[in-house]
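Enquirer:
In my numbering, the protein residues as written are 3 to 124.
(1) Assess, as a yes-or-no matter, whether the segment 112-119 is touched by the segment 75-95 under the definition of 3 or more beta carbon pairs within less than 8 angstroms.
(2) Please return the same chain residues whose Cβ sits closer than 8 angstroms to the Cβ of residue 114, not counting the five positions on each side in sequence.
(3) Give the C-beta separation of residue 70 and residue 27 to the nearest angstrom, bearing in mind that I take them to be a contact with Cβ-Cβ under 8 angstroms.
(4) Taking residue 32 as the reference, which of 18, 56, 19 has the closest Cα?
(5) State buried or exposed for residue 36, treating a residue as buried only when at least 16 other CB atoms are found within 10 Å of its CB.
(6) DSSP on residue 74, reduced to helix/strand/coil?
(7) Roughly how many whole angstroms lie between the Cα atoms of residue 92 and residue 72?
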């Protein structure tokens, strides 16, 4: 598992990675919550399942758990959203780019990944 993470950046770079994770999670969770509050599902399970997946991915990003895998999931989900629901493709491009950036840079020091998979001191 340690091969997924190059380092867990401390200090200002770690704060920057935390902010990157939080902004991406907010971009995923806010439309999901708005869709759940609206309740306009047209009795099909597809949009409800998709919104639930987006909320789950956003919560994993906030916690910083399995961040490279979740970042790749964000990029794939944004690509699927741009293809199947082409309402706002620039939003999907932005979220997909943030997902790729998170997958490539890692979670930072303030994440569950750093606590679970980082270097331990005895």
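Think of the CB as a built atom: it goes at the ideal place given N, C-alpha and C, for glycine as much as any other residue.
All values reported here derive from a predicted model rather than from experimental measurement.
Expert: Straight from the coordinates:
(1) Fewer than three pairs of CB atoms, one per stretch, sit closer than 8 angstroms, so the segment 75-95 makes no contact with the segment 112-119.
(2) Here residue 114 is taken as the residue at index 112 of the chain shown, counted from 1. 65, 66, 67.
(3) Within the chain shown, numbered from 1, the residue matching residue 70 stands at position 68. Within the chain shown, numbered from 1, the residue matching residue 27 stands at position 25. The pair is not a contact, with the Cβ atoms about 15 angstroms apart (cut-off 8 angstroms).
(4) Position 30 of the chain shown, counted from the start, is the residue given in the question as residue 32. Answer by Cα proximity: 56.
(5) Here the question's residue 36 lines up with position 34 in the chain shown. The residue in question, residue 36, is exposed, as its Cβ has fewer than 16 Cβ neighbours within 10 Å.
(6) Position 72 of the chain shown, counted from the first residue, corresponds to residue 74. Residue 74 carries a helical assignment under DSSP once its states are collapsed to helix, strand and coil.
(7) Taking the first residue of the chain shown as 1, we reach residue 92 at position 90. Taking the first residue of the chain shown as 1, we reach residue 72 at position 70. C-alpha separation (whole angstroms): 21 angstroms.
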